[in-house]
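Chemist: Please see the structure below; I have some questions.
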Amino acid sequence: MVLLRTTIFTVIFFFASVISANAAITADFNDFQLDVEAVATGPNINGISFVVLTVSYEGAGVTGIPESDFELGTHIVGPGGSLLETTGFLELGKGLYRLDIEPINGNTWNPGNYLLSVIVDLRSAIVASGRTVFNLTVQ
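Each residue of the sequence shown is one higher than the one before, starting from 314 at the first, in the numbering used here.
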């Protein structure tokens, strides 16, 4: 009877996992989860785009995060575009941060959608991490 109950629970858990595979659910049992949100602007005259991030824990802004704890990821680029890199960093206060980003190796922006992510990893200091995925449209 115990084996039957365990098997039924395992099957239900498996199907629940499959059904919710597309949901934005994060589970990190070893770390505190930081909330990270991003808003991006298109490139300015100098070819720099700005990403403004808000980093919070339990509703309060997290301050004092060094640039080395932010990691930019480029997952999809506009047609003919290139990977992006962080070229500037500024803490704006109260958990707000600005990353300046531009194409690597002096490449130029190409029109299209860029799918980006930012990971904030504070596990070396306060055992916390967080991430966000966002879209940047260049016209």
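Even glycine gets a Cβ: it sits at the ideal position worked out from N, Cα and C.
Fair warning: this is a prediction, and the values are worked out from it, not measured in the lab.
When the Cα of E398 is compared with those of E404, L405 and T387, which residue comes out closest?
Modeler: Selected option, being the one with the closest Cα: T387.
Chemist: Pick helix, strand or coil for N426, following the three-state DSSP scheme.
Modeler: Looking at N426 - three-state DSSP - the assignment turns out to be strand.
Chemist: If you measure between the beta carbons of V365 and L409, is that distance less than 8 angstroms?
Modeler: Result yes, Cβ atoms of V365 and L409 sit closer than 8 angstroms.
Chemist: May I ask you to report which of helix, strand or coil DSSP gives E371?
Modeler: Coil, per DSSP.
Chemist: Let me confirm a value: E384 is counted as buried when at least 16 other C-beta atoms fall within 10 Å, else exposed. Which label applies?
Modeler: E384 should be labelled exposed.
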